[in-house]
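In this note's numbering, the protein residues as written are 543 to 743.
We treat Cβ as the ideally placed atom computed from N, Cα and C, and that holds for glycine.
Values in this document were obtained by computation on a predicted structure and should not be read as measured data.
What follows is a short report on a single structure.
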Amino acid sequence: MVIVPLGARGLDSAATALLEGQVVALPTDTVYGLAVDAFHPGATERLFAAKRRPHDVELPVLIATPEDVHRLAADVPPYAAALIERWWPGPLTLVLRRRPHLAVDLGTRHDTVGVRCPASDVVCELAARIGPLATTSANRHGEPTPASALGVAGVFGDGEVAVVVDGGVCSGEPSTVVDVTGESPVVLRAGAVPASAFSRV
543 MVIVPLGARG LDSAATALLE GQVVALPTDT VYGLAVDAFH PGATERLFAA
593 KRRPHDVELP VLIATPEDVH RLAADVPPYA AALIERWWPG PLTLVLRRRP
643 HLAVDLGTRH DTVGVRCPAS DVVCELAARI GPLATTSANR HGEPTPASAL
693 GVAGVFGDGE VAVVVDGGVC SGEPSTVVDV TGESPVVLRA GAVPASAFSR
743 V
């Protein structure tokens, strides 16, 4: 494992590791996260193992631009499009119906996918280079997320995380998760976007 400073060289190191199917830790607009190339064979399995995350807890995906949602989702309901227009890039994860035959292992479910376009130059730059990134917060399942790169490095072993990008203190509120597969939005997890935002949709 190496800790690299935020900048062009650090992003290059992270991109190389992602292209090799390795797990990297990144600062995001919410908390430090673990990420892999969602479409690299075996990469999400490494992410589940490093996180010690049960496979029935699906991995969300981070994308570079709002338009990239159509690479993953079968359809985007009009009210979901309104949420995207208002809150992306930002701390809102939308659970959408997955495109049929999407060759990505995000857990035991195969009909939905959680997607977010973050307000993070680091993540968006890497997602633009690599493609959609399967992610999770940079902690063991059920434990607190460290707010620093050094703290993240202290949680994971060399064989679990290849690169940690040091973006300083990163201790924002997790994203709000909303299911938009039905006729109206259903909040699955409270977070940075207040629940009152959805009552107006």
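Option in the options with minimal Cα separation from residue i
i: H582; options: P602, Q564 and V694; result: Q564
i: A670; options: M543, D554 and V546; result: D554
i: L675; options: R682, N681, C666 and H683; result: C666
i: T678; options: V711, R641, V657 and R613; result: V657
i: A606; options: G552, G673, L576 and P619; result: G673
i: V637; options: L648, V655 and A645; result: V655
i: P633; options: P727, M543, V720 and H597; result: V720
i: A577; options: G710, L648 and G714; result: L648
i: A585; options: A645, P686, P688 and P716; result: A645
Whole-number beta carbon distance between residue j and residue i, since they are thought to touch under 8 angstroms
i: D617; j: R639; result: 6 angstroms
i: L604; j: L589; result: Contact flag wrong, Cβ pair sits at about 12 angstroms.
i: M543; j: A704; result: 6 angstroms
i: V664; j: L568; result: 6 angstroms
Start-to-end residues for the alpha helix (DSSP H) that takes in residue i
i: I605; result: Taken as a continuous stretch (DSSP letters only), I605 belongs to no alpha helix (DSSP H), as it is neither H nor E.
i: A559; result: A550 to L561
i: G693; result: A691 to V697
i: D663; result: D663 to I672
Straight-line gap, residue i to residue j (C-alpha atoms, nearest Å)
i: Y621; j: A734; result: 19 angstroms
i: Y574; j: T718; result: 16 angstroms
i: C712; j: V706; result: 13 angstroms
i: A580; j: T572; result: 20 angstroms
i: V635; j: L548; result: Checking the displayed sequence, the identity of residue 635 turns out to be Thr instead of Val. Taking the straight line joining both Cα atoms gives about 25 angstroms.
i: A739; j: R628; result: 10 angstroms
i: P727; j: N681; result: 28 angstroms
i: G684; j: A592; result: 13 angstroms
i: E725; j: P619; result: 8 angstroms
i: R731; j: A737; result: 10 angstroms
i: V694; j: A661; result: 21 angstroms
i: T570; j: L560; result: 16 angstroms
i: R613; j: R641; result: 8 angstroms
i: L668; j: A550; result: 11 angstroms
N- and C-terminal bounds of the beta strand (DSSP E) containing residue i
i: T678; result: L675 to S679
i: V565; result: Looking at the DSSP string, V565 is not in any beta strand (DSSP E), and its letter there is neither H nor E.
i: A577; result: G575 to D579
Any non-hydrogen atom of the ligand FAD closer than 7 angstroms to residue i Cβ
i: E685; result: Inclusion of the ligand FAD in the displayed structure is not the case, the ligand content being empty and no account of it being possible.
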